[in-house]
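Here's the structure, in structure tokens; my notes come after.
2 protein chains.
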Amino acid sequence: MKNMTLWMLALAAAAGVRAGEVVSVADCGARANDQSDSTPAVRAALEKCRATRATKLVFPPGRYDFWPDLAQEKYCYISNNDEGLKRIVFPLLGTENLEIDGQGARFVFHGQVCPFVLEHARNITLKNFSIDWARTFHSEAQVLGSCADGLDVEFSEAFPYNIRNGVLRFTDGKPDGAPQTTVKGAEVEYPYGSLLEFDVQKRETAFQAHDYWARGGLAVQALGGRKVRLLMPKLQATPGNIMVFGAATREFPAFTVSDSAGIAFHGVDIFHCGGMGVIAQRSRDIELDHVRVTPAPGSGRIVSITADATHFVNCAGKIAMHDCLFENQKDDATNIHGIYVRVMSRVAPDAVLVKLVHPQQAGFDFIRPGMKLELVHGPSMVTLGEATVKAVERLNKEFSRVVLAAPLPAELVEGDALASAEAYPEVRIERCIIRNNRARGILLGSRAKMVIEDNLFHVPGAAILFEGDARFWYEQAGVRDVVIRRNRFENCNFGVWGNACIQVGSGIAKECRAASRYNRGIVIEDNVFRVFDPRLINAYSVDGLVFRNNKIEKTTDYPPQHSEAQPFVIVDCDHVSLPAE
Amino acid sequence: MKNMTLWMLALAAAAGVRAGEVVSVADCGARANDQSDSTPAVRAALEKCRATRATKLVFPPGRYDFWPDLAQEKYCYISNNDEGLKRIVFPLLGTENLEIDGQGARFVFHGQVCPFVLEHARNITLKNFSIDWARTFHSEAQVLGSCADGLDVEFSEAFPYNIRNGVLRFTDGKPDGAPQTTVKGAEVEYPYGSLLEFDVQKRETAFQAHDYWARGGLAVQALGGRKVRLLMPKLQATPGNIMVFGAATREFPAFTVSDSAGIAFHGVDIFHCGGMGVIAQRSRDIELDHVRVTPAPGSGRIVSITADATHFVNCAGKIAMHDCLFENQKDDATNIHGIYVRVMSRVAPDAVLVKLVHPQQAGFDFIRPGMKLELVHGPSMVTLGEATVKAVERLNKEFSRVVLAAPLPAELVEGDALASAEAYPEVRIERCIIRNNRARGILLGSRAKMVIEDNLFHVPGAAILFEGDARFWYEQAGVRDVVIRRNRFENCNFGVWGNACIQVGSGIAKECRAASRYNRGIVIEDNVFRVFDPRLINAYSVDGLVFRNNKIEKTTDYPPQHSEAQPFVIVDCDHVSLPAE
Numbered sequence: 206m207k208n209m210t211l212w213m214l215a216l217a218a219a220a221g222v223r224a225g226e227v228v229s230v231a232d233c234g235a236r237a238n239d240q241s242d243s244t245p246a247v248r249a250a251l252e253k254c255r256a257t258r259a260t261k262l263v264f265p266p267g268r269y270d271f272w273p274d275l276a277q278e279k280y281c282y283i284s285n286n287d288e289g290l291k292r293i294v295f296p297l298l299g300t301e302n303l304e305i306d307g308q309g310a311r312f313v314f315h316g317q318v319c320p321f322v323l324e325h326a327r328n329i330t331l332k333n334f335s336i337d338w339a340r341t342f343h344s345e346a347q348v349l350g351s352c353a354d355g356l357d358v359e360f361s362e363a364f365p366y367n368i369r370n371g372v373l374r375f376t377d378g379k380p381d382g383a384p385q386t387t388v389k390g391a392e393v394e395y396p397y398g399s400l401l402e403f404d405v406q407k408r409e410t411a412f413q414a415h416d417y418w419a420r421g422g423l424a425v426q427a428l429g430g431r432k433v434r435l436l437m438p439k440l441q442a443t444p445g446n447i448m449v450f451g452a453a454t455r456e457f458p459a460f461t462v463s464d465s466a467g468i469a470f471h472g473v474d475i476f477h478c479g480g481m482g483v484i485a486q487r488s489r490d491i492e493l494d495h496v497r498v499t500p501a502p503g504s505g506r507i508v509s510i511t512a513d514a515t516h517f518v519n520c521a522g523k524i525a526m527h528d529c530l531f532e533n534q535k536d537d538a539t540n541i542h543g544i545y546v547r548v549m550s551r552v553a554p555d556a557v558l559v560k561l562v563h564p565q566q567a568g569f570d571f572i573r574p575g576m577k578l579e580l581v582h583g584p585s586m587v588t589l590g591e592a593t594v595k596a597v598e599r600l601n602k603e604f605s606r607v608v609l610a611a612p613l614p615a616e617l618v619e620g621d622a623l624a625s626a627e628a629y630p631e632v633r634i635e636r637c638i639i640r641n642n643r644a645r646g647i648l649l650g651s652r653a654k655m656v657i658e659d660n661l662f663h664v665p666g667a668a669i670l671f672e673g674d675a676r677f678w679y680e681q682a683g684v685r686d687v688v689i690r691r692n693r694f695e696n697c698n699f700g701v702w703g704n705a706c707i708q709v710g711s712g713i714a715k716e717c718r719a720a721s722r723y724n725r726g727i728v729i730e731d732n733v734f735r736v737f738d739p740r741l742i743n744a745y746s747v748d749g750l751v752f753r754n755n756k757i758e759k760t761t762d763y764p765p766q767h768s769e770a771q772p773f774v775i776v777d778c779d780h781v782s783l784p785a786e
Numbered sequence: 206m207k208n209m210t211l212w213m214l215a216l217a218a219a220a221g222v223r224a225g226e227v228v229s230v231a232d233c234g235a236r237a238n239d240q241s242d243s244t245p246a247v248r249a250a251l252e253k254c255r256a257t258r259a260t261k262l263v264f265p266p267g268r269y270d271f272w273p274d275l276a277q278e279k280y281c282y283i284s285n286n287d288e289g290l291k292r293i294v295f296p297l298l299g300t301e302n303l304e305i306d307g308q309g310a311r312f313v314f315h316g317q318v319c320p321f322v323l324e325h326a327r328n329i330t331l332k333n334f335s336i337d338w339a340r341t342f343h344s345e346a347q348v349l350g351s352c353a354d355g356l357d358v359e360f361s362e363a364f365p366y367n368i369r370n371g372v373l374r375f376t377d378g379k380p381d382g383a384p385q386t387t388v389k390g391a392e393v394e395y396p397y398g399s400l401l402e403f404d405v406q407k408r409e410t411a412f413q414a415h416d417y418w419a420r421g422g423l424a425v426q427a428l429g430g431r432k433v434r435l436l437m438p439k440l441q442a443t444p445g446n447i448m449v450f451g452a453a454t455r456e457f458p459a460f461t462v463s464d465s466a467g468i469a470f471h472g473v474d475i476f477h478c479g480g481m482g483v484i485a486q487r488s489r490d491i492e493l494d495h496v497r498v499t500p501a502p503g504s505g506r507i508v509s510i511t512a513d514a515t516h517f518v519n520c521a522g523k524i525a526m527h528d529c530l531f532e533n534q535k536d537d538a539t540n541i542h543g544i545y546v547r548v549m550s551r552v553a554p555d556a557v558l559v560k561l562v563h564p565q566q567a568g569f570d571f572i573r574p575g576m577k578l579e580l581v582h583g584p585s586m587v588t589l590g591e592a593t594v595k596a597v598e599r600l601n602k603e604f605s606r607v608v609l610a611a612p613l614p615a616e617l618v619e620g621d622a623l624a625s626a627e628a629y630p631e632v633r634i635e636r637c638i639i640r641n642n643r644a645r646g647i648l649l650g651s652r653a654k655m656v657i658e659d660n661l662f663h664v665p666g667a668a669i670l671f672e673g674d675a676r677f678w679y680e681q682a683g684v685r686d687v688v689i690r691r692n693r694f695e696n697c698n699f700g701v702w703g704n705a706c707i708q709v710g711s712g713i714a715k716e717c718r719a720a721s722r723y724n725r726g727i728v729i730e731d732n733v734f735r736v737f738d739p740r741l742i743n744a745y746s747v748d749g750l751v752f753r754n755n756k757i758e759k760t761t762d763y764p765p766q767h768s769e770a771q772p773f774v775i776v777d778c779d780h781v782s783l784p785a786e
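These protein sequences, in sequence, are chains L and R.
Following this note's numbering, the numbering of the first sequence begins with 206 at its first residue and continues without gaps.
Following this note's numbering, the numbering of the second sequence begins with 206 at its first residue and continues without gaps.
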């Protein structure tokens, strides 16, 4: 709130730049390195770019701070993150042909704010800046030791907390001083939903660590200083390690890209955000080049961002990620999939009531008149046929009534699903390092060509997962043409989120797997697998699986596990080619 | 979800009714008494009313149940309640000339849903039905006794709860069976924010009981059965009494009336809702006749609704409430006021940046070009002058930039305030019973004529409060012409929310009170005050206060308190007429 009058200066500055010219935020009132709020300056600078059709917005080097107070606001539905009324520092809504060059600038955000939202944007390049937060949405504590009542931990000053009525709550450390009322607490809270132990030496999730659910809070006991006893007797962790309190929500992704095309990221560091790093939905042609998701250097944090590094939903065109680093985030490095809506009832021979079931898919309105839908048997995800949409009536963010151009097959019943049968994205993931994060490496679910080459994987779950289901996550997947080539799989599966380096984890009902060939055309070649756990491939319901010319090295880098397991568990698959024993 | 196909029937039924005719929900698919979801039928019936210009919608007698699933959705900013994306069973948006006659029907809502939202509605009558919920937004427990660690309580089956990680959480009692994830808990929660003891014999807030803040939850210990120890050592309560866990939010008022005119309620019972009973904002001409806010008969509950019975913000025309019962709600019976925006900075000689400060006023956009504003000195609320609005630019739900038609006075600075200087509502409150609720009776803040006649007050705080401030609640008040006549004040102030039966509680800074005459023209006559506490009037900064021909009777119905206090404490007032000692 320090520079509210700057905003007027910024508006006054919005004058007389010729199309194609460069706008500097400095000319719109932004001041580097003085901890003033640069949000109004960005707002003014973007206005200026729009008004003058400037093609480039630049930041003089330095640190820029952003608060939500004077930011633009918009209700956003963000798949696999949390919907809501967002304050947005860089609202690129309908923006076209703009490059934002940070020139090495460091962007530091404060509180409940979304850095970038792109909607109906085209031809946007974002480059050369980093994103961080003054107070992270997750919290970290050092494990001191355990006792019969639970686990003792200690928080650094970077993670303000308090204990009210015996319950641990994280805050921004700034009580507002005003009295509490029936409608208002004493400070801004940072709610947590789960706990996960990280190994302080290896800087990764601890060996075989799993999530402890803590949604709604945890009873604790103050031990003096910044030491706290977590009264959760089953909670286990190694002294010296870091216990991470995961953010309960995903409201503040770093980059949200919706209904956009031609979006490029070059040299962008995402040190923190309260959600996914890059979430793109219903968009096409997205490139990530030298994007790093990693804890801020010098921050002492072990966790980078609070959810997946990247995530692509119902995208098309080309998705390219190369020379990226995705590490220490609280979920997968990427997940590329579509969305199934559930058939709730047939309301007419040619009409169904459908629901977006997963709460974080609410508002994901992808069904449009004229589009082609895939009709899917829910338990098996076997395609029953296709249909063309005649009309859609949206009842609310969950329910829609869809009228098709022709009567639907009789076998389509409640519990079945619909998804887009149109464009799927071609994907290339090359020369990326994916490591130390919670859960899996990459989840592949596009039906166009996918090439995964020259990457390094070191993750506690499966490095590569073929997911997809119409029962819980409602994520459409089912690959057709995947090449996994020249990657290095380095001691994966040291955690609880997988059963092989490369795994099919589709939610196909067990009794349907024999009849389903949901994933097809997977070639795995010329990779190096360094493994302490022998399980390489676990697959079912696949048609076409080739494993050739891969190098397998055994390691003793972790305690042995599943030593007697088979490297290849292949069930209900056709056209499988494995190396001779 | 039981009757989704009914919805199609309902749509099919929406045909051929002549203007002025009566629509029955039964013809649109609603079925009384079978616990089916009548929401789609209401949606269809309202469509039919609109399409056919029907003037009356009727319900055959019986119970109707409503779920949010198929309800219409809209983002609503509701003053003094919580904003959000609401599911609405009766969305009267732009509706005109309609009577909804429940004919005695009982409406039972399930979960997170708003019964009625009226926006830009005109000439609407709502009559002869009751509103209740299957699971209340608050919870109640019987007090068993206390020990050094805290208080032991027992919950009935009506208030499902669980204890997770040592923390008490209220639920809908229906775990969904699906696994928890980093983004999803195991059930729907009913968060609580405070605790308040009610006297089980007197069915009112316990003598001198006060709120215990519990936002974020309470550490507890299971004692077996449905008994729980609340680990809050300072918590005191009498065994046998009821401890009420107040809802943390106010998201689901029964009736929200925005920007509407000519709204009448006749014979409506509000047994429960998750917010205020009737909240009207920027609306005119509202009548409540025989409206009852009371715990559902036979429910065994001690609390009716979770916030104020009624509340009117920036309203105009006439507000009439007569023959109403407002009891056992978790806040005041009514509060009639305007809203101040805070001046954050002067951005030009004729322009200010202003903020809606109180979070529950966010989005309350009342400033329009051409309107007259009052310029107010913040600490004293003394009017500095008036100004006409030239332009408003809304930055987001909190901040706007306001340009005035002329330069502003130099003395208007940061911390001062603006409010509407236009219409205020004439208010008549007659023959109402106001009792047993948390806090105060009625808060009077209109600058038009206010008549309060023939009511009964028995409340734990002040029966009548003249509030208003530009520092915390930002509620514009300052009466000009109030008659308080022939009311009965029955043992008020048995709780902690007042210092006299009739009280000025304006947030005028102490050092400004001598110079301020914020409230004016208050006549108190022909009333009966039955008091166990001698404090009748406490006033400051009033010009014109007449107390005449009132009967004062002492009682011993409660333990004596403030026995030595003066009945009249009058400071910094002019033109005061009190009875001779």
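In this text, a Cβ means the ideal position worked out from N, Cα and C, and glycines have one as well.
Computed from a prediction, not measured in an experiment: that's the story for all the values here.
In the three-state reduction of the DSSP assignment, L623/L falls in the strand class. For V388/L, the chain R residues whose Cβ falls inside 7 Å of its Cβ are R455 and Q565, in order along the chain. A residue is called buried when at least 16 other Cβ atoms come within 10 angstroms of its Cβ; C352/L does not meet this threshold and is exposed.
Residue environment: Y397/L is assigned as buried (16 or more neighbouring CB atoms within 10 Å of its CB, all protein chains considered). Spatial neighbours of D490/R in its own chain (CB-CB distance under 6 Å, excluding positions within 5 residues in sequence) are listed in chain order as A466, G467, G522 and K523. For M448/L, there are no C-beta contacts with chain R under 8 Å, since the nearest C-beta of that chain is about 14 Å from it.
The beta carbon of S399/R sits closer than 7 Å to some beta carbon of chain L.
Rounded to whole angstroms, the Cβ separation of E304/R and T260/R is 6 Å, and the two are in contact under 8 Å.
Using a Cβ distance threshold of 7 Å, V594/L and P574/L count as a contacting pair.
When Cβ-Cβ separations below 7 Å define contact, A419/R makes contact with chain L. In the DSSP assignment, A250/L falls within the unbroken alpha helix (DSSP H) covering T244 to T257. Among the residues facing chain L, Q486/R is not included, as its CB has no counterpart in that chain under 7 Å away.
Per DSSP, R547/L is one residue of the beta strand (DSSP E) stretching across V546 to A553. D354/R sits in coil when the DSSP states are folded into three classes, being neither helix nor strand. Judged by DSSP in its simplified three-state form, D494/R adopts strand.
With its beta carbon less than 7 Å from one in chain R, R374/L belongs to the interface. Beyond the five residues adjoining it in sequence on each side, N732/R comes within less than 8 Å, by CB distance, of I689, R690, R691, N692, R693, F694, N755 and K756 in the same chain, given in chain order. For Q708/R, the uninterrupted beta strand (DSSP E) run begins and ends at I707 to V709, by DSSP.
Within the model, the alpha-carbon separation for S651/R versus Q771/R is close to 28 Å.
Note that the region 435 to 444 of chain R touches the region 355 to 372 of chain R; at least 3 beta-carbon pairs, one per stretch, sit closer than 8 Å. By the 16-neighbour rule on beta-carbons within 10 angstroms, L251/R is buried. Comparing C-alpha distances from A714/L to each of G445/L, F677/L, N519/L and S782/L shows the shortest one belongs to F677/L. Contact between N642/R and Q766/R does not hold, since the beta-carbon distance rounds to 20 Å and is not under 8 Å.
Ranking H477/R, T410/R, Y395/R and T386/R by CA distance to the CA of F334/R puts H477/R first.
With contacts defined as CB atoms closer than 7 Å, Q566/R and I544/R qualify as a contacting pair. As computed with DSSP, Q308/L is found in no beta bridge at all. Rounded to whole angstroms, the gap between the alpha carbons of L401/L and N286/R is 36 Å.
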